[in-house]
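S.K.:
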Amino acid sequence: MQAAWRIVGVACAACASATPHPSSPSSQALPPPAAAPAPVVAADERAAGLLEGRAPSRLDEVARVAAATASARFVVSAAAVKASMATAVGSGVWPHVLTAWGTDDEIAAQLDAGLAELRSVTEIAELGFATASGAAGRVGVIIAVPPPHLPITVERDGAIAHVKLAWRWGDDAAAYAVTPTTSRRLDATRTGDQIELSIDCSVPVAIEIRAGARQIATVVDACAPELASAERAPALDLGPPAHTLLEIEMRVWDLTNRERVAHGVAALAWDPAGHRFARAHAADMARLQYIGHEAPDGASYDKRVNRAPFRVHSARENVGHAWGPGEVHDAFLRSPGHRANLLASDVDRGAVGVAVDPGDPTAFYISEFFRQ
Numbered sequence: 258m259q260a261a262w263r264i265v266g267v268a269c270a271a272c273a274s275a276t277p278h279p280s281s282p283s284s285q286a287l288p289p290p291a292a293a294p295a296p297v298v299a300a301d302e303r304a305a306g307l308l309e310g311r312a313p314s315r316l317d318e319v320a321r322v323a324a325a326t327a328s329a330r331f332v333v334s335a336a337a338v339k340a341s342m343a344t345a346v347g348s349g350v351w352p353h354v355l356t357a358w359g360t361d362d363e364i365a366a367q368l369d370a371g372l373a374e375l376r377s378v379t380e381i382a383e384l385g386f387a388t389a390s391g392a393a394g395r396v397g398v399i400i401a402v403p404p405p406h407l408p409i410t411v412e413r414d415g416a417i418a419h420v421k422l423a424w425r426w427g428d429d430a431a432a433y434a435v436t437p438t439t440s441r442r443l444d445a446t447r448t449g450d451q452i453e454l455s456i457d458c459s460v461p462v463a464i465e466i467r468a469g470a471r472q473i474a475t476v477v478d479a480c481a482p483e484l485a486s487a488e489r490a491p492a493l494d495l496g497p498p499a500h501t502l503l504e505i506e507m508r509v510w511d512l513t514n515r516e517r518v519a520h521g522v523a524a525l526a527w528d529p530a531g532h533r534f535a536r537a538h539a540a541d542m543a544r545l546q547y548i549g550h551e552a553p554d555g556a557s558y559d560k561r562v563n564r565a566p567f568r569v570h571s572a573r574e575n576v577g578h579a580w581g582p583g584e585v586h587d588a589f590l591r592s593p594g595h596r597a598n599l600l601a602s603d604v605d606r607g608a609v610g611v612a613v614d615p616g617d618p619t620a621f622y623i624s625e626f627f628r629q
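To convert a position in the sequence shown, counted from 1, into the working numbering, add 257.
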């Protein structure tokens with residue numbers, strides 16, 4: 258993984274499209290958290306149309322746990338999800354975790370779109386759903402797992418874990434050591450119909466194994482003890498690993514709102530139009546291989562905002578290139594200009610958009626867009 262981390266940020270307090278965006282109940286910023294009762298969790302089937310008609314699932318309990326932790330402090334607890342997966346499902350596999358915030362209708366729209374996108378890029382065998390209301394607001398969570406593929410054996414030799422699994426795919430195996438903030442390639446040896454890899458457990462990680470673009474297996478317990486301690490400070494919890502671009506966007510968004518509220522600034526409402534705007538710019542950076550607000554073809558930030566299907570009173574944008582949601586969030590916070598954009602009080606909604614780096618499938622380009 259490259260050591261350098263690249264970021265660029267800009268604030269536009271009075272762009273050319275300076276007409277204030279009309280406010281509405283669906284676009285108001287969430288208030289800062291105040292003293293609140295314990296989260297109230299409920300399965301709400303109408304909150305996601307793609308869930309209609311499904312049977313109750315063991316993963317509903319995992320979703321309830323995830324929603325309760327997010328509604329209390331914005332970010333889904335990775336430790337809680339892992340423990341709940343072990344208790345409710347008897348599995349150490351990291352699930353896909355989708356989050357959405359707002360009213361039930363807003364949650365429904367976000368999760369409908371999210372689940373449809375998730376199903377377009379990966380196979381889903383089972384999913385759970387729950388909502389919760391707490392100090393951080395109302396959140397809906399989908400927990401989804403892929404079908405089981407292969408038996409995996411793990412042997413420990415001191416600090417080294419040896420992982421073996423049968424291989425029936427034509428593509429060579431690609432294995433990655435993954436934490437919530439980083440991803441690095443591992444050496445995998447293929448012998449006939451079996452692959453083997455080894456990992457140093459001095460720094461515990463999960464292992465993701467892929468055949469081409471398809472994720473085949475995730476191993477989270479190769480390095481005992483637990484990857485995430487239940488005693489871990491909530492402020493350090495970066496959420497479960499992000500398997501897809503959508504999950505990366507959701508993790509960064511949750512971390513952003515947690516950071517804002519921790520600094521006494523109101524959380525931002527999710528902005529579907531801003532999401533399309535941010536994704537389009539991330540895709541443009543990936544396509545043209547640049548990082549910035551003005552494209553090599555001359556499409557400037559002001560031009561992009563002026564062409565957007567919305568008007569702004571103030572707008573701010575952070576852009577960069579990274580390998581994990583925790584990494585990108587930390588880098589923005591360490592840069593004064595990007596931190597100012599992230600914590601600005603003159604915006605009340607926003608979104609995050611990412612696009613895979615064509616030259617490095619473990620990396621992504623990112624655009625954060627905030628507006629009022």
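Just so you know, even glycine gets a beta-carbon here, dropped at the ideal spot from N, CA and C.
1. Is the stretch 417-425 in contact with the stretch 443-458, if contact means three or more CB pairs nearer than 8 Å?
2. Alpha carbons only, please: which of Ser348, Val518, His500 and Ala387 is nearest the one belonging to Arg330?
3. Please report the distance separating the alpha-carbon of Arg564 from that of Ala335.
4. Of all the options Val402, Glu374, Val476 and Phe386, which has the alpha carbon lying nearest to the alpha carbon of Val411?
5. Taking DSSP's pairing of strands, which residues face Asn598 in a bridge?
6. Taking just the CA atoms, how far does Phe626 sit from Phe534?
7. Taking only runs that begin and end inside the stretch 350-402, name each unbroken alpha helix (DSSP H) of 4 or more residues, in chain order.
8. Got a sec? Which residues, its chain only, sit under 8 Å from Arg315 by beta carbon, not counting five neighbours each side?
9. Any contact between the stretch 548-568 and the stretch 591-607? By contact I mean 3 or more CB pairs, one from each, below 8 Å.
10. Rounded to the nearest angstrom, what separates Val569 and Val604 at their Cα positions?
11. In terms of alpha-carbon separation, which member of Ala608, Thr501 and Gly583 lies closest to Trp351?
12. Is it right to say Thr388 is buried, meaning 16 or more other beta carbons lie within 10 angstroms of its own, or is it exposed?
13. Whole angstroms is fine: what's the gap from Ala323's alpha carbon to Leu503's?
14. Who are the Cβ neighbours of Ser459 in its own chain at under 7 Å, not counting the five residues just before and after it?
15. With DSSP as the reference, label Val562 as helix, strand or coil.
16. Going by DSSP, which residues form a beta bridge with Phe626?
17. Which ranges would you report for the beta strand (DSSP E) in the stretch 407-479 if only whole runs of at least 3 residues count?
18. Please state the DSSP three-state secondary structure of Phe621.
19. Leaving aside the five residues before and after Arg515 along the sequence, list all residues of the same chain whose C-beta is less than 7 Å from its C-beta, in chain order.
20. Check this for me: beta carbons of Thr619 and Ser440, under 7 Å apart or not?
21. Can you tell me whether DSSP reads Ala524 as helix, strand or coil?
22. For Ala543, list the residues DSSP reports as bridge partners.
23. In chain order, what residues of the same chain lie with their CB nearer than 6 Å to the CB of Val611, ignoring the 5 residues before and after it?
24. Between the C-alpha atoms of Thr436 and Val462, what's the straight-line distance to the nearest angstrom?
25. Can you find the residues in the same chain that come closer than 7 Å, C-beta to C-beta, to Val613, ignoring five residues on each side of it along the sequence?
26. By the three-class DSSP mapping on this structure, what secondary structure does Val298 have?
27. Do the CB positions of Arg628 and Ala601 come within less than 7 Å of each other?
28. Ordered along the chain, which non-local residues of its own chain (more than five positions away) have a Cβ less than 8 Å from that of Ser341?
29. In the DSSP assignment, what are the bridge partners of Asp676?
30. Put Ala312 into one of helix, strand or coil per three-state DSSP.
M.R.: Reading from the atomic positions:
1. As far as the Cβ criterion goes, the stretch 417-425 touches the stretch 443-458, which means the pair count is three or higher.
2. Numbered from its first residue, the sequence shown carries residue 330 at position 73. Answer by Cα proximity: Val518.
3. Taking the sequence shown and counting its residues from 1, one reaches residue 564 at position 307. Taking the sequence shown and counting its residues from 1, one reaches residue 335 at position 78. Each residue's Cα considered, the two are about 39 Å apart.
4. As a position in the sequence shown, residue 411 is number 154, starting the count at 1. Nearest in C-alpha terms to Val411, of all of Val402, Glu374, Val476 and Phe386, is Val476.
5. The residue labelled residue 598 in the question sits at position 341 within the sequence shown. The partner list for Asn598 (beta bridge, DSSP) is empty, contrary to what the question assumes.
6. In the sequence shown, residue 534 corresponds to position 277, counting from 1. In the sequence shown, residue 626 corresponds to position 369, counting from 1. Distance between the alpha carbons of Phe534 and Phe626: 8 Å.
7. Runs of the alpha helix (DSSP H) inside the stretch 350-402: 361-378.
8. Along the sequence shown, one-based indexing puts residue 315 at 58. Within its own chain, the residues whose Cβ lies closer than 8 Å to the Cβ of Arg315, once the five positions on either side in sequence are excluded, are Ala345, Val346, Glu383 and Gly385, listed in chain order.
9. Judged by Cβ distances under 8 Å, the stretch 548-568 makes no contact with the stretch 591-607, as fewer than three pairs qualify.
10. Start at 1 with the first residue of the sequence shown, and residue 569 comes out as number 312. Start at 1 with the first residue of the sequence shown, and residue 604 comes out as number 347. Rounded to whole angstroms, the separation of the alpha carbons of Val604 and Val569 is 10 Å.
11. Numbered from 1 along the sequence shown, position 94 holds the residue referred to as residue 351. Measuring from the Cα of Trp351, the nearest candidate turns out to be Thr501.
12. By one-based count along the sequence shown, residue 388 stands at place 131. By the neighbour-count rule (16 or more Cβ atoms within 10 Å), Thr388 is buried.
13. For this step, residue 323 is matched to residue 66 along the sequence shown. For this step, residue 503 is matched to residue 246 along the sequence shown. Straight across, the Cα-Cα distance linking Ala323 with Leu503 is about 17 Å.
14. Here residue 459 corresponds to residue number 202 of the sequence shown, with the count starting at 1. So the list reads Ala416, once near-sequence residues are dropped.
15. The count along the sequence shown starts at 1 and reaches residue 562 at position 305. In the structure shown, the three-state DSSP call for Val562 is helix.
16. Position 369 of the sequence shown, counted from the start, is the residue given in the question as residue 626. Bridge partners of Phe626: Glu574 and Ala608.
17. DSSP runs (the beta strand (DSSP E)) wholly in the stretch 407-479: 409-414, 417-423, 430-435, 440-443, 445-448, 451-457, 463-468 and 471-476.
18. Against the sequence shown, residue 621 aligns to sequence position 364. Reduced to three states, the DSSP call for Phe621 is strand.
19. In the sequence shown, the residue the question calls residue 515 occupies position 258. Same-chain partners within the cutoff: Arg330, Phe331 and Val332.
20. To locate residue 619, count along the sequence shown from 1; it is residue 362. To locate residue 440, count along the sequence shown from 1; it is residue 183. With a cutoff of 7 Å on beta-carbon distance, Thr619 and Ser440 are scored as near each other.
21. Residue mapping note: residue 524 aligns to position 267 of the sequence shown, counting from 1. It is a strand residue.
22. Against the sequence shown, residue 543 aligns to sequence position 286. DSSP output for Ala543 lists no bridge partner at all.
23. Within the sequence shown, the letter at position 354 stands for residue 611. Taken in chain order, the residues that qualify are Leu502, Ile505, Glu506, Ala539, Phe621 and Ile623.
24. Looking up residue 436 in the sequence shown gives position 179. Looking up residue 462 in the sequence shown gives position 205. Taking the straight line joining both Cα atoms gives about 6 Å.
25. In the sequence shown, counting from the first residue as 1, residue 613 sits at position 356. Counting only residues of its own chain and dropping the five nearest sequence neighbours on each side, Val613 has a CB closer than 7 Å to the CB of Leu502, Ala543 and Phe621.
26. Position 41 of the sequence shown, counted from the first residue, corresponds to residue 298. Because the pLDDT at Val298 is just 32, under 50, the model does not fix this residue reliably, and the point stays unresolved.
27. Position 371 of the sequence shown holds residue 628. Position 344 of the sequence shown holds residue 601. No. Outside cutoff.
28. Along the sequence shown, read from residue 1 onward, the residue named residue 341 stands at position 84. For Ser341, where only same-chain residues beyond five positions count, the Cβ hits under 8 Å are Glu318, Val319, Val322 and Ala323.
29. Residue 676 cannot be examined here, being either before or after the span of the chain that is shown, 258 to 629.
30. Taking the first residue of the sequence shown as 1, we reach residue 312 at position 55. Three-state result, Ala312: coil.
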